[in-house]
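K.L.:
Before I ask anything, here is the structure I am working with.
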Amino acid sequence: MTDSSDLITEREAAPTQPLCVEGGFDGERIVTSPEPEDLGAEVMNGRIVVVKGVFRTQADELLALRRAVVEWGRTTPPLPAPDPTANCHCLQAGVSVRQHTPHVYHAYDFNRISRLPEGLRSRLRRFYEPLNVLQNALTGNSARFEAFEDAATLHPQLLHYPLGGGLFGRHVHPLEPQRIGMIVALSRRGVDFDRGGICFEIEARVVDVAPHHELGDIALFRFDIPHWVNPSPLDDNFDWDSEAGRWSMVLPYH
1204 MTDSSDLITE REAAPTQPLC VEGGFDGERI VTSPEPEDLG AEVMNGRIVV VKGVFRTQAD
1264 ELLALRRAVV EWGRTTPPLP APDPTANCHC LQAGVSVRQH TPHVYHAYDF NRISRLPEGL
1324 RSRLRRFYEP LNVLQNALTG NSARFEAFED AATLHPQLLH YPLGGGLFGR HVHPLEPQRI
1384 GMIVALSRRG VDFDRGGICF EIEARVVDVA PHHELGDIAL FRFDIPHWVN PSPLDDNFDW
1444 DSEAGRWSMV LPYH
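In this note's numbering, the protein residues as written are 1204 to 1457.
Written out as structure tokens, the structure is:
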């Protein structure tokens, strides 16, 4: 565990490594050490943070959520492009219109969780509601779900990068209104995938969080920092219908 007094020392000693701190989930809220406000300040100063063990004891629930999302996708026709006001999923492959960068991933967007079947709705709320509280504590925002009448609303999303070429090229986002991005790892290295992961660029130095980002951990980053997802090896078999590969749970706010 890292306390606030260690933050600057660790940043100077290991600028190409993420700062790893301890976290947990008490069934209602995510707890971190240091407190979210201190972590938010560290992230806004350009440090990549991995909060370890947040959902460690809920690992089976995370995998069950992942399977439930896959099953929902198999019974719901994919859309050709995301609809930011609907529950939908899209097979994204090519060059992103928004990011102008290559990408290959399956996006599951849950913009109206309240309209989902009860089983999937409760599984998503179990994790996304405490993630919303954490994100607001990190950023000072007052972000809400399904607030389409507001200037911005939350867009819960699961991303699947299939084996055999799943990737997301180097890209950046506007800082506002999101401010801080959160990436929850939903995969097991050595089981779901072997190689590939998320990288960031800080002052021309690459910070690779892959060795530190395990199932149930949360990576935090300033939203306008360049980042990318390295491709899984092309000698793996590519299959959109397979659950294998890297999975992430994110919470865009726009």
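Where is the CB? At the ideal position from N, CA and C, for every residue including glycine.
So, are the CB atoms of H1374 and G1384 less than 9 angstroms apart?
P.N.:
No, these two residues do not count as a Cβ contact at 9 angstroms.
K.L.:
Our contact map puts F1424 next to V1246 with C-beta atoms below 8 angstroms; I'd like the distance itself, whole angstroms only.
P.N.:
So it is a contact: roughly 6 angstroms between Cβ atoms.
K.L.:
Below 6 angstroms CB to CB, which residues in the same chain sit around P1429 once its five sequence neighbours on both sides are set aside?
P.N.:
These residues qualify, in order along the chain: R1373, V1375, E1404.
K.L.:
Can you tell which of A1284, N1433, Q1261, C1402 has its C-alpha closest to the C-alpha of R1250?
P.N.:
Minimum Cα distance to R1250 is reached at C1402.
K.L.:
Would DSSP call P1221 helix, strand or coil?
P.N.:
Coil, per DSSP.
K.L.:
Who are the Cβ neighbours of L1319 in its own chain at under 8 angstroms, not counting the five residues just before and after it?
P.N.:
Contacts found: W1275, N1290, F1313, L1327.
K.L.:
Can you find the residues in the same chain that come closer than 8 angstroms, C-beta to C-beta, to V1298, ignoring five residues on each side of it along the sequence?
P.N.:
So the list reads T1304, P1305, H1306, once near-sequence residues are dropped.
K.L.:
Just confirm the distance between the C-beta atoms of E1365 and D1442, as a whole number of angstroms; I'd bet it's less than 8 angstroms.
P.N.:
Position check: residue 1365 holds Pro in this sequence, whereas Glu was assumed. Right, their Cβ atoms sit about 6 angstroms apart.
K.L.:
Measuring straight from C-alpha to C-alpha, what distance separates G1264 and D1438?
P.N.:
The sequence given here places Glu at residue 1264; Gly does not occur at that position. Answer to the nearest angstrom: the Cα atoms are 31 angstroms apart.
K.L.:
In the structure shown, what three-state DSSP assignment does L1242 receive?
P.N.:
L1242: helix per DSSP, three-state reduction.
K.L.:
What residue range is occupied by the uninterrupted alpha helix (DSSP H) comprising D1263?
P.N.:
Its alpha helix (DSSP H) spans residues 1262-1277.
K.L.:
Leaving aside the five residues before and after A1271 along the sequence, list all residues of the same chain whose C-beta is less than 6 angstroms from its C-beta, in chain order.
P.N.:
Result list for A1271: L1323, R1326, in chain order.
K.L.:
L1389 and L1222: beta carbons closer than 9 angstroms?
P.N.:
Not in contact: L1389 and L1222 (Cβ atoms no closer than 9 angstroms).
K.L.:
Within its chain, find whatever has a CB closer than 6 angstroms to the CB of L1341; leave out the 5 residues flanking it on each side and keep chain order.
P.N.:
So the list reads P1239, G1243, I1383, once near-sequence residues are dropped.
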